[in-house]
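Participant: Right, I'll just put the structure down here and ask away after.
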Amino acid sequence: MKIADVSEKIYSGQIISRVEAKEEVGDEVFEERKVLVPKAITEGRVTHANLGTVKLKKAVDSDRLTSEGDIVLKLSTPYDAAYIEKDDEGLVVPSFCSVIRGVHAGKVDVKFITAYLNTEYVREILKSKVAGTTMPMIKLSDVKDLEVPNVPLVKQQSLGEAYSLSCQKQDVLREMLDNEQALINGLILNAVKEAQ
595 MKIADVSEKI YSGQIISRVE AKEEVGDEVF EERKVLVPKA ITEGRVTHAN LGTVKLKKAV
655 DSDRLTSEGD IVLKLSTPYD AAYIEKDDEG LVVPSFCSVI RGVHAGKVDV KFITAYLNTE
715 YVREILKSKV AGTTMPMIKL SDVKDLEVPN VPLVKQQSLG EAYSLSCQKQ DVLREMLDNE
775 QALINGLILN AVKEAQ
């Protein structure tokens, strides 16, 4: 069974230059939207602090906006995938990413598929598809042809949930590390100011 067999649609994101309002050429701004830039996809989740913003001259096709339950996969290395949660809806998916939509819940667990796509095993498979090319971007056909492991659905659901919880813990730990760094930097700067 392949990814294409367990999902309704797999397609690439929006080419931003086609919808971006360029004020220097007189484009009128239709709306401003958050963009799911590749660096905002980490550890199976969307990092909202890293989202970009784009001013649009026209509406983006709804297929190229994130919906809850989607998987967004970077088409360039390191080929990270993110599960789209309710908070992540309505983001513009750029052309550097693909959207896997409508994963059939009766066949596979969408969080398990996200976890599977984030394994080194799958990354190595995808790297082999672009070996020797100057622009290491995988094609949609490479995504569609990825084999889905034959793991029982109940086990997939349990592993998918465990992966999701692990991603949440990693987010909290990263935030704690950032706060720790900011705290120590503040203490050092205060000591420097007092010494002057």
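In this note's numbering, each number is its position in the sequence shown, counted from 1, plus 594. Glycine residues also receive a C-beta, built at the ideal position from the N, C-alpha and C atoms.
My parser needs the beta strand (DSSP E) runs of 3 or more residues fully inside the segment 609-681; what are they?
Facilitator: As far as the segment 609-681 is concerned, its whole beta strand (DSSP E) runs of at least 3 residues are 625-629, 646-650, 665-668 and 675-677.
Participant: Would you kindly work out how many angstroms separate the C-alpha atoms of I597 and D739, rounded to a whole number?
Facilitator: If you take the alpha carbons of I597 and D739, they lie about 6 Å apart.
Participant: What does a CB cutoff of less than 7 Å around D664 pick up in its chain, not counting 5 residues either side in sequence?
Facilitator: Taken in chain order, the residues that qualify are I678, V693, I694 and R695.
Participant: Of all the options E602, P688 and G638, which has the alpha carbon lying nearest to the alpha carbon of R612?
Facilitator: Checked all of E602, P688 and G638; the closest Cα to R612 is P688.
Participant: For S661, which residues from the same chain have a beta carbon less than 8 Å from its beta carbon, with the 5 sequence-adjacent residues on both sides left out?
Facilitator: So the qualifying residues of the chain are I678, E683 and R695.
Participant: So, helix, strand or coil for E683, using DSSP?
Facilitator: DSSP places E683 in coil when its eight states are reduced to three.
Participant: For the segment 701-720 against the segment 754-764, do three or more pairs of beta-carbon atoms, one drawn from each stretch, fall closer than 8 Å, so that the two count as touching?
Facilitator: Because the criterion of three Cβ pairs below 8 Å is met, the segment 701-720 and the segment 754-764 touch.
Participant: Under three-state DSSP, which class holds S689?
Facilitator: The answer is coil: DSSP assigns S689 none of H, G, I, E or B.
Participant: How many Å lie between T728 and L777 at the Cα?
Facilitator: Distance between the alpha carbons of T728 and L777: 43 Å.
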